[in-house]
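So the mapping is simple: the numbering used here equals the position in the sequence shown, first residue as 1, plus 1.
Ideal placement from N, C-alpha and C gives every residue a C-beta, glycine not left out.
Note that this is a predicted model, so its numbers are computed, not measured.
The structure appears below as structure tokens.
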Amino acid sequence: MSLLDIAPVVPVVVIDDVETAVPLARALVAGGLPVIEVTLRTSCALEAIRRIAAEVPGAVTGAGTVRTPADVAASVEAGARFLVSPGSTASLVDAMAGSGVPFLPGTATASEVMALAERGVTEMKFFPAEAAGGVPYLKSLGGPLPEVRFCPTGGIKPGTAPDYLALPNVGCVGGTWLTPADALAAGDYARIEKLAAEAAALRGAS
Numbered sequence: 002m003s004l005l006d007i008a009p010v011v012p013v014v015v016i017d018d019v020e021t022a023v024p025l026a027r028a029l030v031a032g033g034l035p036v037i038e039v040t041l042r043t044s045c046a047l048e049a050i051r052r053i054a055a056e057v058p059g060a061v062t063g064a065g066t067v068r069t070p071a072d073v074a075a076s077v078e079a080g081a082r083f084l085v086s087p088g089s090t091a092s093l094v095d096a097m098a099g100s101g102v103p104f105l106p107g108t109a110t111a112s113e114v115m116a117l118a119e120r121g122v123t124e125m126k127f128f129p130a131e132a133a134g135g136v137p138y139l140k141s142l143g144g145p146l147p148e149v150r151f152c153p154t155g156g157i158k159p160g161t162a163p164d165y166l167a168l169p170n171v172g173c174v175g176g177t178w179l180t181p182a183d184a185l186a187a188g189d190y191a192r193i194e195k196l197a198a199e200a201a202a203l204r205g206a207s
């Protein structure tokens with residue numbers, strides 16, 4: 002199965018305290034969102050990926066904010082099962098393509114999409130989704146580039162996610178709203194599981 006078809010929403014999480022990683026992942030999986038993108042924005046991100054991969058068997062854990070070939074190697078070594086980048090450079094795409102795991106290279110323009118499609122890449126991240134044109138832009142790309150599918154991320158909210166998911170060239174969306182900082186600080190994993198369950202039901206809403 003394609004990474005884009007497992008769940009309608011991919012939680013995009015920033016983990017500041019590695020001790021929250023496993024209970025957070027368990028709550029997301031219990032709510033119906035097994036695909037989890039842990040961004041490499043904190044010093045404990047790789048350890049968080051390592052722990053989730055080892056202790057939450059239902060999770061499909063990947064690394065986000067992958068920017069360099071070194072990030073690719075470190076993420077895969079930590080147990081990441083997929084890679085997501087905010088943009089695309091030739092060296093980064095080479096490294097991701099050689100990693101042995103699925104990857105979603107970041108795109109924001111038609112030229113970037115075409116450059117990746119020339120390389121045989123047909124599944125991509127669209128980022129920053131809202132700032133880069135949102136639903137109308139992705140709808141426009143579907144005409145000339147019907148073979149490409151996206152996971153748009155950036156500024157998407159529960160109210161706008163169904164509009165993205167209704168597009169034939171969108172497989173899933175990335176969302177940061179599933180792990181509110183106050184819920185994490187309070188250890189309120191029941192709230193996170195509830196948000197995940199609501200997001201998991203968005204496919205039907207689209």
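Using only the alpha-carbon positions, how far apart do residue i and residue j sit?
i      : j      : result
Thr177 : Leu41  : 14 Å
Ala197 : Val57  : 16 Å
Pro181 : Leu25  : 11 Å
Leu105 : Gly160 : 24 Å
Val30  : Asp189 : 15 Å
Ser92  : Pro70  : 7 Å
Ala49  : Ile16  : 7 Å
Gly80  : Val102 : 10 Å
Ile53  : Leu185 : 16 Å
Ser89  : Ser141 : 21 Å
Ala162 : Leu203 : 8 Å
Met97  : Pro145 : 26 Å
Cys45  : Leu166 : 32 Å
Asp18  : Pro87  : 23 Å
Val61  : Asp72  : 18 Å
Val67  : Val10  : 19 Å
Gly1   : Val122 : As shown, the chain starts at 2 and ends at 207. That puts residue 1 outside it, with no answer to give.
Could you tell me how far apart the beta carbons of residue i and residue j are, in whole angstroms, since I believe they sit closer than 8 Å?
i      : j      : result
Gly135 : Asp6   : Between Asp6 and Gly135 the Cβ distance is about 22 Å, and since that is not below 8 Å, they are no contact.
Ala200 : Leu34  : 6 Å
Ala109 : Phe128 : 6 Å
Val39  : Ala64  : 6 Å
Leu179 : Ile157 : Incorrect: roughly 11 Å between the Cβ atoms, too far for contact.
Ala55  : Val36  : About 17 Å separates the two Cβ atoms, so there is no contact after all.
Arg150 : Glu131 : Not quite, the Cβ-Cβ distance comes to about 19 Å (not below 8 Å), so this is no contact.
Ala118 : Glu148 : 7 Å
On the criterion of 16 or more Cβ atoms from any shown chain inside 10 Å, does residue i qualify as buried, or is it exposed?
i      : result
Met2   : exposed
Asp95  : exposed
Lys126 : buried
Thr21  : buried
Ala187 : exposed
Go ahead and pull the three-state DSSP assignment for residue i.
i      : result
Pro145 : coil
Pro136 : One detail in the question is off: residue 136 reads as Val in this sequence, not Pro. Residue state, collapsed to three classes: helix.
Glu119 : helix
Glu124 : strand
Val102 : coil
Leu5   : helix
Q.
Going residue by residue through the region 19–78, where are the continuous beta strand (DSSP E) segments of at least 3 residues, counting only ones entirely within it?
A. 36–40, 61–65
**Q.** Runs of beta strand (DSSP E) lying entirely within the region 152–200, each at least 3 residues, in chain order
**A.** 174–176
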